[in-house]
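Each step along the sequence shown adds one to the number in UniProt numbering, with nothing skipped, and position 154 is 154.
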Amino acid sequence: MHTSENTNPALAVAAAAEHCLEIAATWLAWDGRPIVTDGENVWTPAKAARRIQDHLIDHLAEVEALLAGDVPDPSPWQGRAVTLDSDWARFTESDLSEARARWPRLARSYVNRYATASGEWDVPRTPNWTLREIAEHVSEITWYAEQVGRLRFGDSAEIR
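Set out below in structure tokens:
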């Protein structure tokens, strides 16, 4: 999502987090079977939730480092190709409640931080992206939620 020059680019991050929550609200119906996308990536609701949250945290740390004039630490997170044992856990009402508490707060941190750095959204930060480019990238977190998709009770696992 490309934002206009004067619109806080992090608003797209906040919208993406809300969209992810809408999809995640259906994950209580997960039947425990993996969802395979692209013939190789295994997804579960817990894995998608982990990737959404990790992505929000990782790039917020990158933004903070760049604004401080520091070199961002390389990401230590496990990527989407890795499915952790904990990713196989049921996605419960408590997990959804935690996501509803965390994801909007993290997204709001982007909005607030970008508001305080409004003159710096498009400053080149080679070899890193600009702040606008980072926000546009982070707003793609919906991709993780879409790998699991919207579930309904009674649906069977499917290959997408």
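Heads up, the beta-carbon is just placed ideally off N, CA and C, and yes, glycines get one too.
Would you identify the three-state DSSP class for residue i, choosing helix, strand or coil?
i: residue 142; result: helix
i: residue 198; result: Because the chain here runs from 1 to 160, residue 198 falls outside it and cannot be looked at.
i: residue 63; result: helix
i: residue 36; result: strand
i: residue 8; result: coil
i: residue 132; result: helix
i: residue 90; result: coil
i: residue 125; result: strand
Is there a Cβ from chain C that is less than 8 angstroms from the Cβ of residue i?
i: residue 81; result: Of the protein chains in this structure there is only one, and it is not chain C.
Who are the near neighbours of residue i in its chain, counting only those whose CB is closer than 8 angstroms to its CB and skipping five residues on each side?
i: residue 140; result: 16
i: residue 118; result: 8
Could you please give the first and the last residue of the uninterrupted alpha helix (DSSP H) stretch that includes residue i?
i: residue 116; result: 93 to 116
i: residue 13; result: 11 to 24
i: residue 71; result: Note, residue 71: premise wrong, no alpha helix (DSSP H); not H, not E.
Which same chain residues end up closer than 6 angstroms to residue i when comparing Cβ atoms and leaving out the 5 residues on each side of it in sequence?
i: residue 29; result: 151, 152, 153
i: residue 67; result: 117
i: residue 138; result: 13, 59
Along the beta strand (DSSP E) that carries residue i, what are the first and last residues, could you check?
i: residue 42; result: 41 to 43
Short of 7 angstroms in beta carbon distance, which residues of its chain neighbour residue i, apart from the five on each side in sequence? Order them along the chain.
i: residue 50; result: 87
i: residue 60; result: 106, 109, 110
i: residue 135; result: 9, 10, 12, 13, 110, 114
i: residue 84; result: 78
When you compare the region 36 to 43 with the region 61 to 74, are there three or more beta-carbon pairs, one atom per stretch, that lie closer than 8 angstroms? no
Taking 8 angstroms as the cut-off, does the region 99 to 112 touch the region 6 to 21 (at least 3 CB pairs, one atom from each stretch)? yes
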